[in-house]
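In the UniProt record's numbering, the protein residues as written are 1 to 330.
So the structure is just underneath, and the comments pick up after that.
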Ligand SMILES: Cc1cc2nc3c(=O)[nH]c(=O)nc-3n(C[C@H](O)[C@H](O)[C@H](O)COP(=O)(O)OP(=O)(O)OC[C@H]3O[C@@H](n4cnc5c(N)ncnc54)[C@H](O)[C@@H]3O)c2cc1C
Ligand code: SF4
């Protein structure tokens, strides 16, 4: 048996100091992922620092129409907050389509962003897996890779990032605030997720002991008509095979602004900038949406069991954009 110490802290400075001082220390928020990984032997902390007493639970308006979400705000609470549901319905919907009601009541926003992949080889604790044990190989490349990524992959890792809400946050240029041993940082969320390259064990730029304190959603009028659609093997309590967050502004029949991000197909929450650029000035029609979707997926590298994701993602994009152009979730 391995000993595991537990500490509860009441200030951000204390949390950072204690974890930074212990190379095997880790933060504990809702525990819905961390405890599973400890039980599986995939995470091996010797100290869990419980951060639930920190004053990071609030959801506040920012000047100009943005919103600041505390890192400890719970998924369910964020989804039902009127400013989120009203100004960023795609974010609210992404939260509501994730996990289960019980999990959403426990799971924090900071923990959601830091959750690890659901790749079965990563989580079984024994298969070769470069993410869990750098240099050991990737069992998914020639293994069961139906749920794996087709965009942003490398020969070292093809795992998807499982978060739903991160996809919507990427679409609206959220900014992650942190406090760490080196001070405070603001990290644009698209930079928060690192592609696997040859270091798939490094998933984000957080340094050891660096704590997420808040997530800012900047003002974005287009987000008020956003949608989040999730396609999966069963309709609840399941991770996405493909998901799409879409928002589109149409004037005189032409697309003047578009936001698009994908889940379930990329090694990180996938901002679809190629498609966004292709849509600008195009007629707001299913044909334009399909052309933009094909353009975005042209870089896809499917494997033996996940070829279907390319077509599914293209169809999801068309449906998402069509629904967004009609007025979103309303
Ligand atoms: C059965 C099941 C189904 C799920 N389905 C979905 C789904 O469909 N969609 C989806 O998006 N998610 C899903 N999830 C994941 C769930 O959303 C996450 O488990 C949850 O959001 C993690 O939050 P937490 O507060 O419990 O984090 P914890 O488990 O406490 O922590 C997770 C990780 O984040 C770190 N951490 C926590 N807070 C911070 C912080 N503030 N700063 C820095 N590091 C921090 C911890 O050290 C740990 O490494 C599912 C989970 C389960 C168990
Ligand atoms: S896809 Fe990534 S997480 Fe899965 S086995 Fe390969 S290296 Fe590990």
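Backbone N, C-alpha and C fix where the C-beta goes; we use that ideal spot for every residue, glycine too.
Query raised in the report: Does the beta carbon of residue 192 come closer than 8 angstroms to any beta carbon on chain C?
Result: Included in the structure is just one protein chain, with no chain C present.
Query raised in the report: CB of residue 256 to nearest heavy atom of ligand 2: below 7 angstroms?
Result: no
Query raised in the report: Just how far apart, CA to CA, sit residue 84 and residue 188?
Result: Spanning the two alpha carbons is a distance of roughly 19 angstroms.
Query - Pairwise C-alpha distance: residue 182 and residue 152 - result: Within the model, the alpha-carbon separation for residue 152 versus residue 182 is close to 30 angstroms.
Report task. Could you say which of 321, 265 and 236 lies nearest to residue 302 if we only look at CA atoms? Result -> With distances taken between Cα atoms, residue 302 lies closest to 265.
Query raised in the report: Pairing CB atoms from the segment 193 to 203 with CB atoms from the segment 265 to 283, are three or more of them under 8 angstroms?
Result: yes
Query raised in the report: residue 51: beta carbon under 7 angstroms from a heavy atom of ligand 1?
Result: Placement of the Cβ of residue 51 at a distance of less than 7 angstroms from at least one heavy atom of ligand 1 is found.
Query raised in the report: In whole angstroms, what separates the C-alpha of residue 22 from that of residue 132?
Result: 20 angstroms
Query - Expected contact under 8 angstroms - CB spacing of residue 289 and residue 321 to nearest Å - result: At roughly 4 angstroms, the Cβ-Cβ gap stays under 8 angstroms, so residue 289 and residue 321 are in contact.
Requested in this report: Could you tell me the distance, in whole angstroms, from the CA atom of residue 276 to the CA atom of residue 245?
Outcome: 12 angstroms
Report task. Per DSSP, which residues does residue 289 bridge with? Please list them. Result -> DSSP output for residue 289 lists no bridge partner at all.
Query - Cβ shell of residue 158 (< 6 angstroms), same chain only, five flanking positions each side left out - result: These residues qualify, in order along the chain: 140, 148 and 149.
Query raised in the report: Bridge partners of residue 178, per DSSP?
Result: 185 and 212
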